[in-house]
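Just so you know, the numbering used here puts the end of the sequence shown at 342, numbered straight through with nothing missing. Heads up, the beta-carbon is just placed ideally off N, CA and C, and yes, glycines get one too. Contents: one structure, followed by commentary.
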Amino acid sequence: MPKSCWKGLAMSSTMPEAPKTHPFILEENALAGSKPYRTYNQFLQEKFGCRVYKVSIDAGFTCPNIDGSKGFGGCTFCDETGSSSRTNDLKTPIAEQMQKNIANRRKRYKAQKFIAYFQANTNTYAPVERLKRLYDEALNVDDDVLGLAISTRPDCVTPEILDLIASYQERLPYVSVEYGLQTIHDRSLALVNRCETFADFLQAYEWTQARGLDHCIHVILGMPGETHADMMQTADKLAELKVAGVKIHMLVAMNHTPIAEDYRNGRWTSMDFDTYVNTCVDFIERLHPDCVIHRVAGNGHFKHVVAPSWMASQRQDVMSAIDACFAERGTRQGDACRH
Ligand code: SF4
């Protein structure tokens, strides 16, 4: 049974008890719905019993892989938006971004509660005191903000930063860190100039788990040089690690990025629609059934997409094609899970 709509905890001074079991364990029959995989919407509905929407924030962060502290120029697929489909004017204060987007979602989707989502670039790339100021600014905007989600690179967190993020669990029922892992294969990470390794992720993941934080791991299908077997190894490893959530992207070449040049020069080929759908289904079948699937298709405005060309006409079809593929196979998430 869905829980009643969450209310009032955000400003509560009462410390919730530390969860005795993993807070994101699949409830009985949670996969019995119409989707063959456990969607983020389903997770939010189960947890809060009402319409909860993420509200994206562009806090003006840069990235250590852009400014030279880890690398120059960024990942080869990163465009000027920091891989976020940035829509906000950077001069707009965080509180104003939140107010505007909350009003929009209330009106358009009848949204009831909100998660402040620090999305653009690397949202832990600042001293702890500044991070606290920025996160607080977003959380203090509206009593209906019940959660905080922070997107970052695995090599850009420290125990101190994760302590700060974990401290918000005392006032919010939902706090999550999103890590751009992309793949477990260091050779692929090097090919896209990621300037970090799988070992960086494992360290960040250990610290994150130690603090009981929810998390979502971003992966990209179709990385340069990756075979189907390589991608399945990433799925198997995520299942073995029992990650709480996964966001699946396809590698998309946006205008004015190095990967778009690679595409034009024939050094990289994008996945066709059917290959992406089938690979995505193979991937989800291998994930643990408890894992929440936050997304199954890439973002980025199709007007700026160089490849794959089908993004312009078939992007909206990806989810239904994935459902149809599961139905045709008679499978669902976790059926090929080895862990
Ligand atoms: S880590 Fe993210 S923000 Fe930084 S360069 Fe790569 S994609 Fe862009």
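Compare the beta carbon distance of residue i and residue j with 8 Å and say whether it is the shorter of the two.
i, j, result
"E181", "H221", "yes"
"S273", "G225", "yes"
"A129", "V160", "no"
"Q115", "D147", "yes"
"I187", "T237", "yes"
"V55", "I105", "no"
"M322", "A300", "yes"
"V178", "L151", "yes"
"L167", "L205", "no"
Could you tell me the alpha carbon to alpha carbon distance between residue i and residue j, rounded to whole angstroms?
i, j, result
"A315", "S154", "26 Å"
"I262", "E173", "42 Å"
"N196", "M234", "18 Å"
"T282", "E49", "28 Å"
"V284", "E132", "42 Å"
"C198", "T260", "17 Å"
"R214", "A169", "6 Å"
"A247", "K110", "31 Å"
"V308", "Y171", "37 Å"
"R77", "L175", "Going by the sequence as given, residue 77 is Gly instead of Arg. Going from the Cα of G77 to the Cα of L175 covers about 33 Å."
"A256", "G183", "17 Å"
"A324", "E163", "43 Å"
"C219", "L142", "20 Å"
"M253", "D189", "18 Å"
"G337", "V249", "13 Å"
"D239", "G63", "35 Å"
"K94", "E140", "15 Å"
"Q212", "K245", "10 Å"
"H342", "P292", "10 Å"
"F286", "L47", "22 Å"
"A35", "N268", "The pLDDT assigned to A35 is 44, lower than 50, so where the model puts this residue is not dependable, and the model offers no usable value."
"D320", "Y138", "35 Å"
"E331", "S37", "14 Å"
"N44", "E288", "19 Å"
Rank the options by C-alpha distance to the C-alpha of residue i and give the top, closest one.
i, options, result
"F117", "A310, C78, F51", "F51"
"W313", "I223, R298, C328, V280", "V280"
"W210", "L165, N268, Q319, S59", "L165"
"M101", "N68, A119, A300, K113", "A119"
"A123", "D145, R332, V55, I97", "I97"
"K113", "G71, C53, T200", "C53"
"L290", "L241, L205, R267", "L241"
"T306", "L137, R318, A339, V299", "Residue identity check: residue 306 is Lys in the sequence provided, not Thr. Answer by Cα proximity: R318."
"D145", "R190, E99, S179", "E99"
"Y266", "P311, I251, F286", "P311"
"I223", "I251, L205, F204", "I251"
"D61", "N44, F204, F121", "F121"
"L65", "D326, L205, R156, L167", "Per the sequence presented here, residue 65 reads as Thr, with Leu not at that position. Checking every option, the nearest Cα to that of T65 belongs to R156."
How many whole angstroms separate the CB atoms of residue i and residue j, which I take to be in contact at a CB cut-off of 8 Å?
i, j, result
"D158", "K73", "7 Å"
"Q39", "R335", "Note on residue identity: the sequence assigns Pro, not Gln, to residue 39. Correct: roughly 4 Å between the Cβ atoms."
"R41", "C294", "7 Å"
"N258", "D70", "The Cβ separation is near 22 Å, so there is no contact."
"P67", "T125", "7 Å"
"T200", "L192", "6 Å"
In or out: residue i buried (at least 16 other Cβ within 10 Å) or exposed?
i, result
"D277", "exposed"
"A202", "exposed"
"D217", "buried"
"E243", "exposed"
"R136", "exposed"
"G333", "exposed"
"F75", "exposed"
Are the C-beta atoms of residue i and some chain B residue less than 8 Å apart?
i, result
"Q206", "The structure shown has no chain B; it contains just one protein chain."
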